[in-house]
Amino acid sequence: MEMYIWNAVIVLSKIVFYIGFACIAGYTSFGQAFEKSEPYPNLTIENLKWMKASIIVALVANVTWFFANTGAMAEEGIQGAFDPDMLDIMLDSSIGDGTILRGLGLVLAIFAITSNAIFKPAVRKNSVKQTILVLSLTILTYTFSLFGHVSELGVFEKVLLMLHVLVMAWWFGALIPLKQACLEQDYDQLYSIMDKFGKQASIAVSLLLVAGLWLAFQLVGTFSALFSSSYGQTLLLKLALVVSILVIATKHKLKLVPQLKNNDGREALSKSISIEMVVAFAILSITAGLTSAVGPAN
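The opening residue of the sequence shown carries number 7 in our numbering; numbering runs sequentially from there.
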């Protein structure tokens, strides 16, 4: 029973961290574009609020994840999570390395979005902010290769995993600023942003699928294991959700976004993005479970 509780805490803390990671990726790609839209100051304020809140909560989740892993390893109840000897062991492990690096990446992201008060010239401010955010994303993306099932594979597979999670974070993280754009920006600007996102996503999603399918095959081993094992069946569920979110994205590109040219379809697009956000959350939740409670051995 105790192990179920630790696993639940590990999975939930991972989900929260994934959301924070996705928010950083989305802000790096799209959030700053809204800051240049002077007629829409509310959009800038909302984006910064989301960013700060998501990063702070992700920091708490990162620490919680570390102590939950320590408690699960100690198997001595809540006191085991704070046992000095166990903490030393965990800090010297890949989990400790990943926790420290993720903390560093999140702190860098916080510094980037609060750098306005430090760097006054606009050009310097934007370039420094973008550089720090990219560094933060690089560190956070790298940590995914340190633990889990892929950590036992080769360098090529680890690079594929990093590409996979980065594209997923970029895509899902863009949904919040895009949703906010639907509420506040005019039709011309909204169409421009959505059209740009659609073109970028066409390439990014192809990379996401190729990397994901290759990694799935490497972890499962055989095609039949996709249907006969718990891990494979969970992967198929995740794949079904990915396909559904692709259908939604295709609807955006072919139907809802073109309607914006005629000053129509804003509300329909906003609702569709909300549905896409729900599916994205489900995908992140399944991913957290796959990398924690369910393994290829199952």
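Each residue gets a CB set at the ideal place from its N, CA and C atoms; glycine is no exception.
Would you kindly check if the distance between the Cβ of residue j and the Cβ of residue i is under 8 Å?
i, j, result
"LEU221", "HIS170", "yes"
"VAL226", "GLY238", "yes"
"ALA67", "SER19", "yes"
"ILE182", "ILE116", "no"
"LEU141", "VAL173", "no"
"GLN224", "GLU158", "no"
"GLY86", "MET92", "yes"
"LEU196", "LEU266", "yes"
"GLN206", "ASN53", "no"
"MET96", "GLY102", "yes"
"VAL134", "SER121", "yes"
"THR240", "GLY160", "no"
Look at the alpha carbon of residue i and the alpha carbon of residue j, and state the distance between them as a whole number of angstroms.
i, j, result
"LEU247", "ALA288", "8 Å"
"MET9", "CYS29", "30 Å"
"PHE72", "TYR33", "26 Å"
"ILE119", "GLY109", "16 Å"
"LEU166", "LEU215", "11 Å"
"SER198", "LEU243", "34 Å"
"MET200", "ASN132", "23 Å"
"ASN304", "GLY204", "Because the pLDDT at ASN304 is just 48, under 50, the model does not fix this residue reliably, and the point stays unresolved."
"ALA180", "MET283", "10 Å"
"ILE254", "GLY154", "30 Å"
"LEU260", "ASP270", "14 Å"
"ALA286", "PHE178", "6 Å"
"MET7", "ALA14", "Legend: pLDDT at MET7 = 46, less than 50; position of this residue unreliable, value from coordinates given subsequently. Spanning the two alpha carbons is a distance of roughly 11 Å."
"ASP194", "SER35", "19 Å"
"SER236", "GLN136", "41 Å"
"THR147", "THR76", "23 Å"
"SER234", "SER250", "23 Å"
"THR70", "TRP56", "21 Å"
"LYS202", "THR149", "29 Å"
"ALA231", "MET168", "24 Å"
"ASP94", "SER298", "22 Å"
"ALA78", "PRO90", "15 Å"
"LYS277", "ALA59", "24 Å"
What is the residue span of the alpha helix (DSSP H) that residue i lies within?
i, result
"LEU243", "236-257"
"GLY104", "100-119"
"GLY271", "GLY271 -> no alpha helix (DSSP H), and no H or E assigned at all."
"SER19", "8-32"
"HIS170", "161-190"
"LEU213", "193-226"
"ASP91", "90-97"
Pull up the CB-CB distance for residue i and residue j, whole angstroms please, since I reckon it's below 8 Å.
i, j, result
"LEU143", "ALA64", "The Cβ separation is near 13 Å, so there is no contact."
"LEU107", "ILE138", "Their Cβ separation, rounded to whole angstroms, is 15 Å, which puts LEU107 and ILE138 out of contact at 8 Å."
"ILE16", "ALA74", "5 Å"
"VAL211", "LEU252", "7 Å"
"SER291", "ILE21", "6 Å"
"ALA31", "ALA175", "4 Å"
"ILE279", "CYS188", "7 Å"
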